[in-house]
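Visitor: Sharing a structure with you now.
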Amino acid sequence: MTIESMHNEGAFVDKLNETLSPTFPVRSIELLRGREKELEIIRRALVMPGRHIFIFGDRGVGKSSLAHTAANLYQSSDGAPITVSGSSDATFTSIIANIAYQALNRSRVQRIETTRTCTFSWRGLSLGENREISPIDISAQLLTIGDAIGLLSEVGTLHSRAPVIVLDEFDTISDVDERNKFASLLKMIGDQEVPIKFVFTGVGSSLDELLGAHQSAYRQLATIELDRLGWEGRREIAMQAAHAFELDLDDNIAWRIAIVSDGFPYFVHLIMEKMLWEAFTAEEPVETLGQVQYLAGLNAAIGEITAELRRPYEKAVLHRDAEYETVVWATADGEDLFRDIGRMHESYEIVCRKRQETAVLNRQKFGEKLRQLKSVAYGNILQSVDKRPGWYTYNEKMLRGYVRMQAEAGGVELSGERASPRQHIHVPTNARSGYRGPSVPRGVTLRGEGKAGNADDSE
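In this text, residue positions in the sequence shown follow the UniProt record's numbering: the first is 1, and each later residue adds one.
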């Protein structure tokens with residue numbers, strides 16, 4: 001075993017699970033990095049009576065981690081946050097019933113341990129020491145939103161002093177009418193002073209659908225638009241993981257991880273996990289995680305990326321001319337989520353030089369390739385920006401990070417450090433321009449910056 005502080009694989013795996021969380025949300029403030037401002041906003045909101053939280057943003061930016069961490073901070077010590085998730089077949093009634101089931105189940109176990117007895121009665125349904133109530137029984141009694149309020153009030157009191165409910169992936173509830181019922185629920189919780197808090201997560205459009213039914217529900221919610229993780233937060237995750245194993249992390253590698261992750265914490269966690277495994281299984285002792293561990297970890301991480309992200313990339317580049325891969329890599333260059341064809345073409349020329357490609361597409365031919373990337377046959381990677389000819393953005397923002405990882409593994413370092421001016425363009429109401437924080441510090445070795453270009457006038 002070649003990490004000196006780790007004596008066996010069991011200890012290594014335990015430490016790995018304590019330090020990194022690529023497969024499930026972060027739940028402790030010790031592991032959540034770069035979200036201090038958002039946590040403080042949430043804290044101030046939750047201490048106000050009748051106030052709830054809605055966290056929205058692109059997939060993969062860390063909404064669930066922020067929600068769970070915030071819930072754990074607010075939840076009283078006599079209970080744990082209640083966690084439920086939306087789904088395509090979920091309804092208002094099924095979610096409320098699930099909340100009640102979790103609250104009662106936990107409280108019943110705790111009360112039995114301390115008092116040997118616990119009784120809950122609602123609408124003729126009872127829970128005692130030797131009897132459980134099923135979510136189906138509860139659902140049958142939930143005929144109105146008022147019924148839901150009454151139930152939540154009862155089970156909330158039984159659960160803990162300050163119960164918090166995390167409703168994750170709210171946008172996946174397919175029925176708009178079912179989502180709208182939660183607006184009425186929040187208003188009634190405030191009006192009736194029910195001591196229970198909701199923390200929602202979802203995509204931006206679901207926020208409008210939630211509040212559309214009751215404009216007065218706006219005052220019940222504090223909304224947090226979560227952008228991609230900032231540079232320092234990305235780097236801190238990587239550094240913290242290395243230091244947990246008493247290892248150093250090469251500073252330039254830390255910034256490469258920050259760049260290639262494109263601000264999505266999942267990629268940072270996954271790459272660091274693979275790098276640490278590489279160090280643990282190395283033949284020679286490892287004291288500093290460097291280029292060897294980085295490249296090996298990067299390739300291992302790419303191999304584990306979900307097919308949902310791999311498939312569009314593969315449709316765009318596999319069984320096609322080699323130039324398509326170069327074009328796709330160029331679309332993921334730079335920090336801005338919205339880019340014009342001029343800047344993309346300059347990125348493309350830089351990538352061509354790095355790959356030593358002699359056949360370089362001119363701007364017109366390059367534009368044709370970009371338009372192909374909007375089609376299903378080519379992975380539907382890009383979409384046009386509304387009312388802005390010549391501007392593109394990724395359909396799935398998280399895919400940009402995967403493309404960056406592919407380019408890095410292929411020997412091309414894309415330049416995420418470019419400091420671009422704020423873009424004043426019209427974008428759809430549910431689109432976001434991402435994190436615009438500080439650039440990589442001076443002195444960090446990064447290659448291949450291009451010059452700013454003008455937007456193309458043709459689509």
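Even glycine gets a Cβ: it sits at the ideal position worked out from N, Cα and C.
No experiment lies behind these values; they were computed from the predicted model shown.
#1: Quick one: Cα of E246 to Cα of F280, how far?
#2: By how many angstroms is the C-alpha of E323 removed from the C-alpha of Y392?
#3: Please check the pair G50 and I189, which I expect to be a contact at CB under 8 Å, by giving their CB distance rounded to whole angstroms.
#4: Is it buried or exposed for D340, if we count other Cβ within 10 angstroms and need 16 for buried?
#5: Please name the residue or residues paired with T144 in a DSSP beta bridge.
#6: Can you give me the Cβ contacts of R161 inside the same chain, cut-off strictly under 7 Å, excluding the 5 residues immediately before and after it?
#7: For the 8 Å Cβ check, are there 3 or more pairs between the region 37 to 55 and the region 1 to 8?
#8: Distance, Cα to Cα, V286 vs G379?
#9: Apply the 10 Å Cβ neighbour rule to T288 and answer buried if 16 or more other Cβ atoms are within range, or exposed otherwise.
#10: Would E396 pass as a contact of V260 if the rule is Cβ separation under 8 Å?
#11: Does any residue of chain D have a CB that is nearer than 8 Å to the CB of H159?
#12: Which one or two residues does DSSP pair with E225 in a beta bridge?
#13: Which runs of the alpha helix (DSSP H) at least 4 residues long sit entirely within the region 159 to 220? Give them in chain order.
#14: Measure from the alpha carbon of F54 to the alpha carbon of each residue in N299, V385 and L226, then state which is nearest.
#15: Would DSSP call R35 helix, strand or coil?
#16: Does the beta-carbon distance from A296 to E278 come in below 8 Å?
#17: Could you give the first and the last residue of the continuous beta strand (DSSP E) run that contains Y394?
#18: In the region 346 to 397, which residue ranges form an unbroken beta strand (DSSP E) of at least 3 residues, counting only runs that do not cross its ends?
#19: Compute the Euclidean distance between the alpha carbons of A222 and I42, then round it to the nearest angstrom.
#20: Following the continuous alpha helix (DSSP H) through V317, name the residue where it begins and the one where it ends.
#21: If you measure between the beta carbons of I82 and A103, is that distance less than 8 Å?
#22: Less than 6 Å between C-beta atoms, sequence neighbours within five positions excluded: which residues of the same chain meet that for I138?
#23: Measuring CB to CB, does L31 end up less than 8 Å from Y74?
#24: Roughly how many whole angstroms lie between the Cα atoms of A80 and V164?
#25: Determine the extent of the alpha helix (DSSP H) in which V327 is found, giving its start and end residues.
#26: Please determine if the region 399 to 408 and the region 314 to 333 are in contact, where contact requires at least 3 C-beta pairs separated by less than 8 Å.
Guide: In this structure, then:
#1: 12 Å
#2: 19 Å
#3: 7 Å
#4: buried
#5: Note: T144 sits in no beta bridge, so no partner.
#6: S76 and D78
#7: no
#8: 40 Å
#9: exposed
#10: no
#11: Structure shown: chain D not included; a single protein chain is present.
#12: F56
#13: 176 to 191 and 204 to 212
#14: L226
#15: coil
#16: yes
#17: W391 to Y394
#18: 382 to 384 and 391 to 394
#19: 7 Å
#20: A307 to V317
#21: yes
#22: A97 and A100
#23: no
#24: 8 Å
#25: E323 to T331
#26: yes
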